[in-house]
Amino acid sequence: MKKKVLVLGGGYSKERFISLKSAKAIIKSIKKIHNVKFSDPCGNFLRTVESFKPDVIFNALHGRFGEDGYMQSVLETLGVKYTHSGVKSSMMAMDKEISKKIFVKNKILTPKYIKIKNLRNLRNLNYKRIKNYLNFPVVIKPINEGSSLDVYICNNKLSLSNKLKKMRHYKEILIEKFIPGREIQVAIMGNKVLGPIELKPKRKFYDYKAKYYTNAKTEHIIPVNLSKKNYDKINKIALRAHRLLNCRGVTRSDFKFYKNKFYLLELNTQPGMTNLSLVPEIAAYKGINFTSLINWMIKDASKNR
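Offset between the sequence shown (1-based) and this note's numbering: plus 1095.
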């Protein structure tokens, strides 16, 4: 059945560029099936909703104000069906500390961390505590950004101090124990596991450039070479995390596999839909083409998510 679909893209976050690419790919895939219109929240979004009167809003925003519960609150207020997870789930997944606490409480392995506030006064930072609790190397990351933006690996106190100075504009950050090993990510579609994909970046780790630039030449491996036991285990953890956060639609969980253990780094409630994005690639491997994937998300859209 043909629907009026308003695709949200762009937005205010540092992931604006990727969001626009996702929105473009989505529109191209469904424009022959549905009546599709694009809107950027930076423009006259509410006026567009009022004039277009969409049946469904496809939320292709990434990052802050798009997948952290903010836009979901707006969409719930508007009373229009929308895709992906709801207000609370989006907020919990985007806040890395909240989601980690939920994972730890439910015995899902995740790297140890320390939360740092007041980055404008780094002279009082207890580096000895960081070294004793986490040991170097450590990973520093914003609490509520995606796409590996402003994520750094620090091998010593000097490196950590220098990188923290670059992040003073953040109110809070996490300093996390660095877990070496294999990068594996798992896609969930509704209550169904689509499965894992492994990434072999040529860069230091799977950072922003490794994710979104073809010249980074990150190797995507599917099927993933795991024992049957470990293959089932990582899928089970991803589905459990999806359910613990009460997620809807499509999610992607990011793991490190080290010494036969899976460490859940984070869960993404609005994965990218670009030509290099992982969820569409995993879905395609399972026989679900891009248009079918997008159409499923449109059919899955609802209010009160």
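For glycine and all other residues, C-beta sits at the position ideal for the given N, C-alpha and C.
Rounded to whole angstroms, the separation of the alpha carbons of M1189 and T1364 is 8 angstroms.
Around the Cβ of R1400, a 10 Å sphere holds 16 or more other Cβ atoms; the residue is buried. When secondary structure is reduced to three states using DSSP, N1130 falls in the strand class.
The beta-carbon distance between A1396 and Y1177, rounded to whole angstroms, is 6 angstroms. This is short enough to meet the 8 angstroms contact definition. When DSSP reads this structure, D1349 sits in a beta bridge with Q1280 and E1361. Per DSSP, the unbroken beta strand (DSSP E) holding V1288 starts and ends at K1287 to K1295.
Pairing T1346 with I1274 gives a Cβ-Cβ distance that is not under 8 angstroms. Note that the C-beta distance between N1239 and D1163 is below 8 angstroms.
In this structure, the CA atom of N1213 is about 15 angstroms from the CA atom of L1255. V1100 sits in a strand when the DSSP states are folded into three classes. A direct Cα-Cα distance of roughly 15 angstroms separates T1172 from N1154. Secondary structure in the region 1228-1278: the beta strand (DSSP E) runs of 3 residues or longer, each lying completely within the stretch, are 1233-1237, 1247-1249 and 1267-1272 in chain order.
Sixteen is the threshold: when 16 or more other Cβ atoms of the shown chains lie within 10 Å of the Cβ of M1368, as they do, the residue is buried. Counting every other CB atom within 10 Å of its CB across the protein chains shown gives G1382 a total below 16, marking it as exposed. Across the set R1343, I1152 and G1290, the C-alpha of I1152 shows the shortest separation from the C-alpha of P1136. When DSSP states are grouped into helix, strand and coil, F1160 belongs to the coil group. When secondary structure is reduced to three states using DSSP, V1319 falls in the coil class, being assigned neither helix nor strand.
Selection L1220, K1258 and K1356 evaluated against S1322 yields K1356 as nearest (Cα-Cα).
Rounded to whole angstroms, the gap between the alpha carbons of V1175 and E1145 is 11 angstroms. Relative to the Cα of G1105, the nearest Cα in the group I1268, K1099, S1117 and K1097 belongs to S1117. In this structure, the CA atom of K1258 is about 7 angstroms from the CA atom of Y1247. If you ignore the 5 residues before and after K1098, its C-beta comes within less than 6 angstroms of the C-beta of H1129, D1150 and V1151, all in its own chain and listed in chain order. In this structure, DSSP gives S1397 an extended state, which the three-state scheme calls strand.
Looking at G1285, I1393, L1115 and I1316, the one whose alpha-carbon comes closest to that of L1334 is G1285.
The Cβ neighbour count for S1387, taken over all protein chains shown within 10 Å, is under 16; the residue is labelled exposed. If you draw a straight line from the Cα of V1374 to the Cα of L1220, it comes to about 39 angstroms.
I1152: member of the beta strand (DSSP E) spanning V1151 to N1154, first to last residue.
CA-to-CA, the gap between I1113 and F1140 works out to about 19 angstroms.
E1192 is bridged by DSSP to nothing; it lacks a bridge partner.
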